[in-house]
Structures are given as C-alpha cells and as structure tokens.
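*Asks:* Numbering that gives the first Met the number 0 numbers the first residue of the sequence shown as 0 and each following residue consecutively.
In this text, a Cβ means the ideal position worked out from N, Cα and C, and glycines have one as well.
Everything numeric in this text was worked out from a predicted model, so none of it was measured.
One structure, as structure tokens, below. Some questions next.
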Amino acid sequence: MSEALLKVRGLTKHFPVRNGFRASGMVRAVDGLDFDVRPGETLGLVGESGCGKTTTGRMLVRLLEPTDGTIEFAGRDITHARRGALRPLRQDLQIIFQDPYASLNPRHTVGRIVAMPLQVNGITPPGGVKKRVQELLELVGLNPEHYNRYPHEFSGGQRQRIGIARALALRPRLIVADEPVSALDVSIQAQVINLLRDLQRDLDLAFVFIAHDLAVVRHFCHRVAVMYLGKIVEIGDRDDIYTRPQHPYTRALLSAIPDVTTLGPAGRIRLSGDVPTPLNPPSGCRFRTRCWKAQERCATEEPALVARDGGRQSTACHFPEAGTIAADTGENLEVAP
Ligand SMILES: Nc1ncnc2c1ncn2[C@@H]1O[C@H](COP(=O)(O)OP(=O)(O)OP(=O)(O)O)[C@@H](O)[C@H]1O
0 MSEALLKVRG
10 LTKHFPVRNG
20 FRASGMVRAV
30 DGLDFDVRPG
40 ETLGLVGESG
50 CGKTTTGRML
60 VRLLEPTDGT
70 IEFAGRDITH
80 ARRGALRPLR
90 QDLQIIFQDP
100 YASLNPRHTV
110 GRIVAMPLQV
120 NGITPPGGVK
130 KRVQELLELV
140 GLNPEHYNRY
150 PHEFSGGQRQ
160 RIGIARALAL
170 RPRLIVADEP
180 VSALDVSIQA
190 QVINLLRDLQ
200 RDLDLAFVFI
210 AHDLAVVRHF
220 CHRVAVMYLG
230 KIVEIGDRDD
240 IYTRPQHPYT
250 RALLSAIPDV
260 TTLGPAGRIR
270 LSGDVPTPLN
280 PPSGCRFRTR
290 CWKAQERCAT
300 EEPALVARDG
310 GRQSTACHFP
320 EAGTIAADTG
330 ENLEVAP
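The structure is reproduced here in structure tokens:
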C-alpha cells in the first residue's frame, strides 16, 4: 500500500462567536478529524449541511487556519505554513469550489482566469502561457478557441469546467473538490463527474471530494468518511460503507437514497429532530440525541473511531450495527455518461 499523500491528525476548527466585543462561545465546526489520502485516491467527505465539510476542505488547502491538529502533505507538515512556504504548496494542492458562478471573475476572459495560477506563481510553460491554457481548455472538454470569451457566455457546467482547468494549471497532486456538481443540473452533474474521473485516471490525481449526495459519492470515491457535527463517525472503503454501514447515522443517510429500498428490516430510517448546534454539541456521542440505539453510556462516553474488518472500516459508535444491506444498491446508483 502506498504512503499517504495527505495525513490529517486531530484537525480542529473552532470559530469564536462574539457578542459585541465579548467572545460569547465557540462554534465547534470541526473537532479532531483523523484521515489519510493516498496518491491517486478519492476520499469522499459526506454529511448533512453544517457538519463541517467545507471548513475541513478550506483548512486542507490552507484557506483557513486550523485551531488544532496537523496536516501533512507529501511528508511535510503544512499545518501552519506561512505565505512563502505556501507558494510551492499551492502547485500541489488545489481547490474547486461549489459555485461556478461566484468563483470566476466576470470581468476576466477565460484565458486570463485559467492562466492566473501560472502567472501568480511566475511559471512560463514551454510553448508559452496561451498554448498551455488552450491545452487545459481542451483537456476539460472546452473549445480552446473560447480563450477570449467571458464567463457569462458559458453554461453552468462549462463554467465548472473552467474552474477545473484553472485548478489543473499547476499540475496538482491533490484537489479538494467542494460540492463541485451540486449547483448543476442532474444531467450536467454526470458529465462533470465523469470528467473528474477521467482526469483522475489520466493524471493520477488524488481528491478530497466533498458532497452531501451519496449517490454521486458512490460513483466517484474509493473511500468515504461520514461526518456528523464536526466529527468523522465512520470511514472506510466505499463498498464496505455502502453495503455494511455500522454507524446508525451512516445507515440513516444511506436509507435516504431513493434506490436503497431494503435497508435491512428497518427500511427507510427517518431521523427525528434537528442537528444540534455546534455551539453546544451533546456530551458523549454527538449523534445520540437523534439515535434510536442510544443508551446511557452514549451520553457520558465519547466513542472513539475503532477499526474493524482488518482496518478497512472504522466506526465511532458504542453499539455499532452488524450485517449487510440486502439491496443491490450499485447499479441503480450509476451516474449515466
Ligand atoms: N466563519 C465562521 N464563523 C462562525 N461559524 C462558522 C464559520 N464558518 C462556518 N461556520 C459554522 O461551522 C459549521 C460548519 O460549517 P461548514 O460550512 O463547514 O459545514 P458544511 O458541512 O460544509 O455545510 P454546507 O454543506 O451547508 O456547506 C456550521 O455550523 C457553520 O455555521
């Protein structure tokens, strides 16, 4: 098994909440994440809105300063890398944002947008910047002749392709893709996902793929980490997570996918109540206030991520589920080309 490209340990982000000038509390957005990503691998980060996915992604590419924990990339501790040290890092580590409308400067041509990372990093590729940008446009399925056009002249899917071309300009080794298709029509989503998959194969890219849509994650990711209220509650190989989820929350999330109809005897699991506030998360297991299996111990003892199945799957639950999901969930979840 190859060495981890990205190694995250105890990664934490707390945002202070102010009442006027006084700090009145902490939003515990991300609270002690541990995970690795190997070269060429895609790790899916899934969970409901507000569980800390975007905050995690932004810390990974150092757009946000972690409160605690460490981020190691290619054997280097980059947790608190300063501006000068970040420059070479930016080449290896890129981000694609959710909103292809907001993430492209409307006053710049496509050529200028895609060339920006090259120029900021003072890189002149052989053959020149224009040639490289046109190659990149071609690589993501856009017409290189559109070099001088503006973002508003493109559809949503095409704009996301422009964002992908920009992320690829420096030949990164890892891309954090933050909900890259959720703002797009379903038919376009499949095209962009297939593009990312092709690029991954051809360029040996690693991805941290942030999404709330479990069907998309299944199609694209090798491993999956399920987050709830700032914590990873379960992480493992994709097929294990989808067919043998052990954490009640993972089972509930999976049961909400329309095609997963026979989730054991329970069928569709409807979680009661709202996600508690990260300002004051529940003691013990954070999921316990919505968990049908919760017992006294869950309120007092925080469950650790415990590896099972020879380390392929780890679950943070005092009373994990056993057994396989009966449904053949694979085929129905294919994203059409
Ligand atoms: N700058 C900030 N200041 C205070 N709280 C913040 C800040 N950024 C995020 N949060 C809070 O941190 C928590 C996690 O937010 P985050 O955006 O990371 O979640 P998410 O899982 O990506 O959700 P979504 O899918 O809606 O983007 C939320 O409660 C959010 O309100």
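1) Which value, in whole angstroms, describes the spacing of the CA atoms of Met58 and Glu64?
2) When you get a sec, list the residues whose CB is within less than 5 angstroms of any heavy atom of ligand 1, chain order please.
3) Within 10 Å of its beta-carbon, does Glu295 have 16 or more other beta-carbons around it, so buried, or fewer, so exposed?
4) Pick helix, strand or coil for Phe219, following the three-state DSSP scheme.
5) Assuming Gln188 is part of the beta strand (DSSP E), what are its boundary residues?
6) By DSSP, does Pro336 sit in helix, in strand, or in coil?
7) Does the contact criterion of 3 or more C-beta pairs under 8 angstroms hold for the region 149-162 versus the region 76-91?
8) Identify, in the order they occur along the chain, each residue of the same chain with its Cβ nearer than 6 angstroms to the Cβ of Gly31, setting aside the five sequence neighbours on each side.
9) Rounded to whole angstroms, what is the Cα-Cα separation between Leu262 and Val45?
10) Near Val274, which residues of its chain fall below 7 angstroms by C-beta distance, leaving aside the five closest residues on each side in sequence?
11) Arg292 lies in the beta strand (DSSP E); which residues open and close that run?
12) Among the residues of its own chain, which have a CB less than 6 angstroms from the CB of Cys316, if the five just before and after it don't count?
13) Alpha carbon to alpha carbon, how far is Arg17 from Val225?
14) Leaving out five residues on either side along the sequence, give the residues of the same chain with a beta carbon under 6 angstroms from the beta carbon of Val60.
15) Can you tell me which of the three DSSP states Gln133 falls into?
16) In whole angstroms, what separates the C-alpha of Glu300 from that of Val207?
17) Just the C-alpha distance for Val7 and Gly68, rounded to the nearest angstrom, thanks.
18) Beta-carbon separation of Pro244 and Arg250 under 8 angstroms?
19) Spatial neighbours of Pro319 within its chain, please: C-beta separation below 7 angstroms, excluding the five flanking residues on both sides.
20) I want to know whether the region 126-134 touches the region 203-219 - three or more CB-CB distances under 8 angstroms.
*Replies:* Let's see:
1) 6 angstroms
2) Phe14, Val26, Ala28, Ser48, Gly49, Cys50, Gly51, Lys52, Thr53, Thr54, Pro277
3) exposed
4) helix
5) Run containing Gln188: none in the beta strand (DSSP E); it sits in the alpha helix (DSSP H), 185-202.
6) Low confidence applies here, because Pro336 scores a pLDDT of 30, under 50, leaving its location unreliable; read the following figure in that light. Of the three classes helix, strand and coil, the one that applies to Pro336 here is coil, per DSSP.
7) no
8) Gly9, Thr11
9) Low local confidence applies: a pLDDT of 49 at Leu262 is under 50, so the model's placement there is unreliable, with the coordinate-based value given in what follows. Between Leu262 and Val45, the C-alpha separation is close to 19 angstroms.
10) Glu47, Gly49, Leu228
11) The identity of residue 292 in the sequence shown is Lys, whereas the question assumes Arg. Unbroken run through Lys292: none, as it is neither H nor E.
12) His246, Pro302
13) 30 angstroms
14) Leu92, Ile94, Val175
15) helix
16) 30 angstroms
17) 8 angstroms
18) yes
19) Gln245, His246
20) no
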